[in-house]
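Here is the structure we will look at, set down as C-alpha cells.
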Amino acid sequence: MIHTNRIIRMDFGEPKGLSISRNTLSCAAHYLLEGKNEYSPLKGEGYLLEKINSFINEYYSINTNKEEVLVTNGGLFGIQLVVEYLRNKGISKIYIPNPGFPPYQHLNVDQLNIIPYQATSSDIMFKEINRINNSEDGIVIIITSPNNPNGVMLNPVSFNKIDLSKKNNFFILDNSFHNYSYKYQPRIIHDDNVFNVFSFSKSHALAAYRIGFILNKNVNHINDLAKIQWNKTLSVSGISQMMAYGALDSKNDLIENNEKVKSQIKYAEKFLNSKGIVTNNPDGGFFLWLNTNDIDTRQLSEIAYEKYGISIMEGRHFGSEGVNYIRINCALDKESLEEGLKRLVDAFNYFYER
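Residues 188 to 541 in my numbering are what the sequence shown lists, from first letter to last.
Dropping the structure here:
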C-alpha cells in the first residue's frame, strides 16, 4: 500500500523543477494572438534558423551559417532522421553507448545492426570509440556527452583526437545535456560526417513542446534530411519554434538552470552519501547513477513505488552495463527532490533491515 497520495517521479528525465522563461511564454502568447495557421518552411522558420546559428557561433566559438541547420520535432526525432538517412546511404551498423539512452536500442531502420559499446567512464568510452572507428568502415557511432544515464563526459583532449579521416564513417553527437556540463566545457565537431543533434527539452525546459535542431557542415545532408522530415511530419510546430526563439533570447536561463541542477545534484549526493548510499559524481546531466550492489533493482523499484510512493528507473533499461544500477532525476522542484530522496533511502533500508 502506498503511504502517500502523491507519487514522486524520479524516473523520467523531465525538467520538472525548471521554469519556462517569461520571455518564452510571451513569444508563445504573441504567436497565438496573431492567429497564425500555416505550415512552416522546409528547414524551419527563418527567424529561428538565424537565432540558432547565432547561438551556436557564440556558445561554441565556431563559424557556421543558417543553411547548415535543420529545425526538428525534438532531439530524438532528429536522431531518428539521421539514422534513417544514413541507412539509406548504405550504413548497416550503428554503435550506441552502453549504458545509454533506451530509445537508441530501438532505432530499428530496415534491419540496421545496433551494437552497444562500453561507456562506463570517460577513458573507456574514448577507447571504445577509437577502436570501433579504426577497425570498421561504413558505420555510425552515437556519442552522448554528457552521457545519459551516468553523466560521463569525453574530456577535451579525447574529443580532439577523434579521427574524422574515414569518409564512410559517421558520428551522431547527441548534445541534449550540453547545458549541464559540470567538468568540461561542452564541445561539438563541425564536419561533413558529424551530425550534431540538439534539443530544447533540457536546456530551456521545453520538453512538452518537442523542438530541437540538427547541425551539419554539409548543406546537402541538411537539405536531404529536411525532405525526409517533411515527408513524415510536413513541418515543425509553429508555436514551438516561436518558443524556441524566445528561449534562445533568454540567455540567463541557461546559467540559472545549470546552477540549479548542479546544486541539486550536489545536495542529493551529499544526502545519499550520508546515508551510506554511494553516488557516481557525474560529469554532467540531470541524473545520479546509483549502484545497488546486491539489491535486485526490479524489487527495489517495485518496493519504492508500492510502499514509498516514488518511481525510479532501473538501470537494466539502459543496457547490460546498467544491471545493478538505478537512475534518479535531480531536476525536480526542491521540495519533491528532498522528499523523494528520503523515500529512496527508506526503500534501500527496507532491504538492508530485512
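For every residue, glycine included, the Cβ atom is placed at its ideal position computed from N, Cα and C.
Because the structure is a prediction, the values reported are computed rather than measured.
Point to revise | Chain-order list of residues whose beta-carbon lies under 6 Å from that of Val-269 (same chain, five-residue window excluded) | key: Non-local C-beta neighbours of Val-269 in its own chain, meaning closer than 6 Å and more than five positions away in sequence, comprise Ile-359 and Phe-382, ordered along the chain.
**Message:** Given a cut-off of 7 Å on the beta-carbon distance, is the pair Ser-309 and Asn-342 in contact?
**Reply:** Result yes, Cβ atoms of Ser-309 and Asn-342 sit closer than 7 Å.
### Task
Given a cut-off of 7 Å, decide if Gly-261 and Arg-397 are closer than it, judged by their beta-carbon atoms.
Going by C-beta atoms, Arg-397 is nearer than 7 Å to Gly-261.
**Report entry** Distance CB(Tyr-512)-CB(Asn-468) smaller than 7 Å
**Finding:** With contacts defined by Cβ atoms closer than 7 Å, Tyr-512 and Asn-468 do not form a contacting pair.
Exercise for review: Check the DSSP bridge columns for Arg-193 and list the partner residues they point to.
Suggested key: Arg-193 is not bridged to any residue.
Could you tell me the distance, in whole angstroms, from the CA atom of Gly-530 to the CA atom of Ser-390?
-> The question names Gly, but residue 530 in the sequence shown is Arg. Within the model, the alpha-carbon separation for Arg-530 versus Ser-390 is close to 28 Å.
| query | For the ligand SAM, is there a heavy atom less than 6 Å away from the beta-carbon of Asn-445? | reply | Of ligands this structure carries none, so the ligand SAM is not represented either.
Legend entry - The alpha helix (DSSP H) enclosing Arg-274, as first and last residue numbers: Here the alpha helix (DSSP H) through Arg-274 covers 262 to 275.
(Q) Here's a check: name, in chain order, each residue in its chain whose Cβ is nearer than 6 Å to the Cβ of Gln-267, leaving out the five neighbours to either side. (A) There are no such residues.
What do you reckon, are the CB atoms on Leu-273 and Ala-431 nearer than 7 Å? No. Outside cutoff.
Helix, strand or coil at Gly-433 [DSSP, three-state]:
Gly-433 carries a helical assignment under DSSP once its states are collapsed to helix, strand and coil.
| Which residue from Phe-473, Val-327, Asp-481 and Ser-450 puts its Cα closest to that of Ile-464? | Checking every option, the nearest Cα to that of Ile-464 belongs to Asp-481.
At what residue ranges does the segment 200 to 263 contain a whole run of the beta strand (DSSP E), taking only runs of 3 or more? Counting whole runs of 3 or more residues, the segment 200 to 263 contains the beta strand (DSSP E) stretches 256 to 259.
Count the C-beta pairs between the segment 404 to 415 and the segment 295 to 303 that are closer than 8 Å, then say yes if the count reaches three, no if not.
Short answer: they don't touch.
Through-space distance from Ile-328 to Gly-265, alpha-carbon basis: Rounded to whole angstroms, Gly-265 to Ile-328 spans 15 Å at the Cα level.
| Any 3 or more C-beta pairs closer than 8 Å across the segment 515 to 534 and the segment 448 to 461 | Cβ pair count under 8 Å is three or more, so yes.
CB of Asp-470 within 7 Å of CB of Val-339, strictly: Against a cut-off of 7 Å, the Cβ pair of Val-339 and Asp-470 comes out as a contact.
### Query
How far does the alpha helix (DSSP H) with Tyr-492 in it reach, from first residue to last?
Per DSSP, Tyr-492 belongs to the alpha helix (DSSP H) from 484 to 493.
Q.
What residue range does the alpha helix (DSSP H) around Lys-529 cover?
A. Segment 521 to 539, the alpha helix (DSSP H) holding Lys-529.
If you count every other CB in all the chains shown that lies within 10 Å of the CB of Leu-219, and 16 or more means buried, which is it? Around the beta carbon of Leu-219, fewer than 16 other beta carbons sit within 10 angstroms, so the residue counts as exposed.
- Query: Where in the segment 394 to 461 do unbroken runs of the alpha helix (DSSP H), each at least 4 residues long, occur, reported from the N-terminal end onward?
  - Reply: Counting whole runs of 4 or more residues, the segment 394 to 461 contains the alpha helix (DSSP H) stretches 406 to 420, 425 to 435 and 438 to 461.
*Out of curiosity, what's the CA-to-CA distance linking Lys-419 and Leu-524?*
Roughly 38 Å between the two C-alpha positions.
Val-327 lies in the beta strand (DSSP E); which residues open and close that run?
Following the DSSP letters along the chain, one finds Val-327 inside the beta strand (DSSP E) bounded by residues 326 to 331.
*Phe-385 and Phe-473 look like a contact to me (Cβ under 8 Å); what is the Cβ gap, rounded to whole Å?*
At roughly 16 Å, the Cβ-Cβ gap does not stay under 8 Å, so Phe-385 and Phe-473 are not in contact.
### Chain-order list of residues whose beta-carbon lies under 6 Å from that of Asp-324 (same chain, five-residue window excluded)
If we look at Asp-324 and ignore the five residues flanking it on each side, its Cβ neighbours are Asn-355.
TODO: Would you check if the distance between the CB atom of Lys-280 and the CB atom of Ile-319 is smaller than 7 Å?
DONE: Remark: C-beta atoms of Lys-280 and Ile-319 do not approach each other more closely than 7 Å.
Specify the secondary structure class of Asn-320 as computed by DSSP and reduced to three states.
DSSP, reduced to helix, strand and coil, places Asn-320 within a helical segment of the structure shown.
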